[in-house]
Amino acid sequence: MTASLSKARILVIDDFQGMRTMLGNFVRSMGVTQVVSAGNGPEALNQLRQNTFDIVICDFNLGIGQNGQQVLDEARMRNYVGISTIWVMVTAEKTTDMVMGAAEVKPDDYLLKPINQSLLESRLEKLIARKQSLVGIETAIKAKDYTAAIAHCDLQLSAQANNPQEILRIKSDLLLQIGDYNAAKAVFESILVMRNIPWARTGLGKVLFYAGDYEAAKLIFQQVLQENRMYMEASDWLVKALDALGDSRQAQQILQEAVKLSPNSPVRQKNLGDTAYKNGDLDIAQKAFETTVKISEFSSHKSPAIYSGLAKVLTDKHAPDEALKVLARSKVTFKGNIEATIQTAAVESTVYGSMGQTDKAEAAMATAADLMSQLPGKVSTEVAMEMAQSMLKIGKKEQAFELLSDLVKNNHENLEISRQVANVFESVNMKEEGQALIQESRQEVININNQGVLLAKKGEYQEGAKLLRTAVQNLPNSEVVIMNLCGLLIGQMTKEGRNDAIIREVKSLLDRVREINPANKKHHTYAAALVRIAGGR
């Protein structure tokens with residue numbers, strides 16, 4: 005037994021008291037004194053929310069409610085566990101569906117029942133030795149200081165840590181997150197020179213995807229799947245590349261193959277539903293959405309968009325009464341969630357519209373619009389898209405155009421959002437008008453940014469700041485415009501000297517960008533420049 009294991013804080017999750025007692029006794033016999041147990045998903049998540057654990061030993065089957073896979077998925081999504089936390093999945097099940105599903109959430113180890121103390125101790129000691137090198141990296145990630153996290157990765161690699169491949173994978177993910185694609189590419193290529201590893205080759209495909217070379221990315225992902233058809237991450241990225249290339253038919257085929265191999269992913273099943281609906285394959289779409297509703301019941305991926313998707317399919321299949329029943333379930337399931345209410349009401353308006361009940365369609369849309377006005381600039385892209393599509397379907401063209409234009413302007417460099425907006429227009433046979441709106445909206449923001457940069461170069465900082473402040477007011481979620489204003493104000497202080505009011509303004513702007521996108525490429529650079537200026541009294 006290692007000293008580190010004896011000092012570990014351990015959470016045991018199992019729905020059977022006898023199993024919790026046995027596992028607790030095992031780890032106490034190893035010298036562990038801090039052992040806590042939970043009998044189901046909610047209890048486990050509550051413990052993980054309130055406490056920090058070094059090791060989690062979790063049974064896959066937890067009875068009614070969430071299973072172990074879903075608990076791990078939600079714990080990660082809520083940042084209750086980090087990369088240095090050891091998660092061991094214990095299971096008696098050997099079905100392909102279970103194995104594939106659990107493998108996709110990537111626990112640190114699996115133990116098949118029956119297990120004994122010797123096996124558990126051996127596995128835990130090896131995992132602790134591997135995970136100790138990740139503590140500093142995790143601390144930096146939690147602080148959202150990704151540059152520092154990458155530096156910690158390099159430090160561990162130079163110290164010849166015993167888990168170099170794991171650290172390289174974390175480093176490459178961080179590099180992709182901050183947009184340093186050249187550095188990420190170098191990491192992937194250095195690995196592939198030594199060995200053909202699926203995650204590294206998939207990473208190379210991601211670099212090509214982010215560079216906009218979707219065709220080359222597609223070929224990489226296809227190559228990975230030819231070599232390992234069970235590698236689901238490559239399958240998901242192949243779908244993204246095909247979507248970017250406009251090949252939704254092929255994307256649907258890949259998704260159908262993927263859900264046969266691993267049917268318990270709510271995200272993938274919903275993606276199949278959305279893609280099949282776009283392609284007009286309503287039977288496949290209905291089945292996918294119904295499956296998603298079922299498997300997401302206790303999942304962190306449960307969302308009103310699943311119910312809305314199913315309701316739209318049923319409406320198009322001339323079953324509006326069934327669609328309204330689905331939306332009624334959504335209202336109950338997501339009661340108190342304003343965004344969910346907006347989305348449900350928006351789709352409800354299109355259902356009533358299809359039934360010729362204009363008054364009810366107008367009333368539902370009015371409800372959605374009123375609620376949306378209470379959340380200015382804070383409604384998610386998904387909900388805004390749903391709202392705009394419903395507006396177009398019931399003839400509220402002007403309002404829809406304004407909403408979609410704002411979406412493009414706030415995300416004018418985000419090609420994925422532009423594609424989604426284009427899809428909304430295509431769904432109502434307004435492709436050309438959509439293309440014109442996207443082009444005009446993007447160009448408007450580009451012109452404002454260019455004008456602001458030009459004024460800064462001329463030294464006309466006050467005029468430039470005035471222009472960009474107005475743009476930020478009109479486009480509160482445009483990280484590009486916000487960062488351009490930050491750059492201009494920092495440039496002004498670099499030339500004219502420290503200004504406390506401007507320092508406070510820049511700090512507030514940087515905080516806003518961190519909320520919008522914690523991995524913004526320029527954030528760290530501007531934050532460091534602000535520290536230098538603030539220190540120069």
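Sequential numbering of the sequence shown, starting at 5, is according to my numbering.
Glycine is no exception: its CB is placed at the ideal position from the N, C-alpha and C atoms.
*Inter-stretch contact (C-beta, 8 Å, three-pair minimum) for the segment 89-97 and the segment 54-74*: yes
*Validate contact between the segment 31-49 and the segment 121-135 using beta carbons, cut 8 Å, 3 pairs*: yes
*Nonlocal neighbours in the same chain, by C-beta distance under 6 Å from residue 112, ignoring five residues either side*: By one-based count along the sequence shown, residue 112 stands at place 108. Excluding residues within five positions, the ones whose Cβ falls inside 6 Å are 90, 91 and 131.
_Proximal residues to residue 261 (C-beta, below 6 Å), its chain only, five neighbours per side dropped_ = In the sequence shown, counting from the first residue as 1, residue 261 sits at position 257. Closer than 6 Å at Cβ, skipping near neighbours: no residue.
_Quick check on this structure: which residue in 78, 28 and 37 has the alpha carbon closest to the alpha carbon of residue 52?_
Translated into positions along the sequence shown, residue 52 becomes position 48. Residue 52 has its Cα closest to that of 78, out of 78, 28 and 37.
*Report yes if the C-beta distance between residue 513 and residue 489 is below 8 Å; otherwise report no.*
Residue numbering aside, residue 513 sits at position 509 when the sequence shown is read from its first letter. Residue numbering aside, residue 489 sits at position 485 when the sequence shown is read from its first letter. Their beta carbons are under 8 Å apart, which means residue 513 touches residue 489 by this criterion.
_Need the endpoints of the beta strand (DSSP E) that residue 116 sits in, please._
Here residue 116 refers to the residue found at position 112 of the sequence shown. 113-116 is the extent of the beta strand (DSSP E) around residue 116.
*Run through the segment 421-495 for me and flag every whole beta strand (DSSP E) of 3 or more residues, listed as ranges in chain order.*
none
*For residue 18, which three-state DSSP category applies?*
Walking along the sequence shown from the start, residue 18 turns up at place 14. The answer is coil: DSSP assigns residue 18 none of H, G, I, E or B.
*Report the rounded CA-to-CA distance for residue 142 versus residue 457, giving the unit in angstroms.*
In the sequence shown, the residue the question calls residue 142 occupies position 138. In the sequence shown, the residue the question calls residue 457 occupies position 453. Looking at the two C-alpha atoms, the distance is approximately 37 Å.
*Ordered along the chain, which non-local residues of its own chain (more than five positions away) have a Cβ less than 7 Å from that of residue 517?*
In the sequence shown, residue 517 corresponds to position 513, counting from 1. 483, 486, 487, 524 and 527, listed in sequence order.
*On the premise that residue 414 lies in contact with residue 479, defined as a C-beta separation below 8 Å, what is that separation, rounded to the nearest angstrom?*
In the sequence shown, residue 479 corresponds to position 475, counting from 1. In the sequence shown, residue 414 corresponds to position 410, counting from 1. The Cβ separation is near 5 Å, so the contact holds.
_Residues near residue 384 by beta carbon distance below 7 Å, same chain, minus five either side_ = The residue you call residue 384 lines up with position 380 of the sequence shown. Closer than 7 Å at the Cβ level, and outside the excluded window around residue 384, lie 343.
*Is the CB-CB distance between residue 268 and residue 299 below 8 Å?*
For this step, residue 268 is matched to residue 264 along the sequence shown. For this step, residue 299 is matched to residue 295 along the sequence shown. A contact, by the Cβ cut-off of 8 Å.
*asked:* On the DSSP bridge list, what partners appear for residue 205?
replied: For this step, residue 205 is matched to residue 201 along the sequence shown. Partner(s): none; residue 205 has no beta bridge.
_Once the 5 residues before and after residue 541 are set aside, which same chain residues still bring their CB inside 6 Å of it?_
Along the sequence shown, one-based indexing puts residue 541 at 537. The predicted position of residue 541 is uncertain, since its pLDDT is 47 and thus under 50; no value can be drawn from it.
_Taking 8 Å as the threshold (C-beta atoms), are residue 228 and residue 199 in contact?_
Numbered from 1 along the sequence shown, position 195 holds the residue referred to as residue 199. Numbered from 1 along the sequence shown, position 224 holds the residue referred to as residue 228. No.
*Who pairs with residue 93 in a beta bridge, going by DSSP?*
Position 89 of the sequence shown, counted from the first residue, corresponds to residue 93. DSSP lists 62 and 114 as partners of residue 93.
*asked:* residue 388 and residue 396 - do their beta-carbons sit closer together than 8 Å?
replied: Position 392 of the sequence shown, counting from 1, holds the residue named residue 396. Position 384 of the sequence shown, counting from 1, holds the residue named residue 388. Not closer than 8 Å, so no.
*Strand pairing of residue 42, partner residues [DSSP]*: Locating residue 42 in the sequence shown gives position 38, where the first residue counts as 1. Bridge partners of residue 42: 17.
_residue 557: first and last residue of the uninterrupted alpha helix (DSSP H) it sits in_ = The structure shown does not extend to residue 557, since the chain spans only 5 to 541, so no value can be given for it.
*Indicate the three-state DSSP secondary structure (helix, strand or coil) for residue 526 in the structure shown.*
For this step, residue 526 is matched to residue 522 along the sequence shown. Here residue 526 sits in coil by DSSP.
*Only counting runs of 4 or more residues, tell me where the alpha helix (DSSP H) segments fall wholly within the segment 161-204, in order along the chain.*
168-182 and 185-198
*Grouping DSSP H, G and I as helix and E and B as strand, with all else coil, what is residue 419?*
Within the sequence shown, residue 419 is the residue found at index 415, counting from 1. Helix at residue 419.
*Quick one: what's got a C-beta closer than 8 Å to residue 252's C-beta in the same chain, skipping five residues either side?*
One-based indexing of the sequence shown puts residue 252 at position 248. Hits under 8 Å: 246, 279, 282 and 283.
_Tell me the rounded alpha-carbon separation between residue 244 and residue 226._
As a first step, residue 244 must be located in the sequence shown, where it is residue number 240. As a first step, residue 226 must be located in the sequence shown, where it is residue number 222. Rounded to the nearest angstrom, the two C-alpha atoms are 12 Å apart.
*Give the range of the alpha helix (DSSP H) segment to which residue 78 is assigned.*
The sequence position of residue 78 within the sequence shown is 74, counting from 1. Start and end: 72-81.
*Cβ neighbour criterion (16 or more within 10 Å) applied to residue 270*: One-based indexing of the sequence shown puts residue 270 at position 266. With 16 or more other Cβ atoms within 10 Å, it is buried.
*Contact check, residue 249 vs residue 218 under 8 Å by CB: the rounded distance?*
As a first step, residue 249 must be located in the sequence shown, where it is residue number 245. As a first step, residue 218 must be located in the sequence shown, where it is residue number 214. Right, their Cβ atoms sit about 5 Å apart.
_Spatial distance of residue 308 from residue 334 (CA atoms)_ = Locating residue 308 in the sequence shown gives position 304, where the first residue counts as 1. Locating residue 334 in the sequence shown gives position 330, where the first residue counts as 1. Their Cα atoms are separated by approximately 6 Å.
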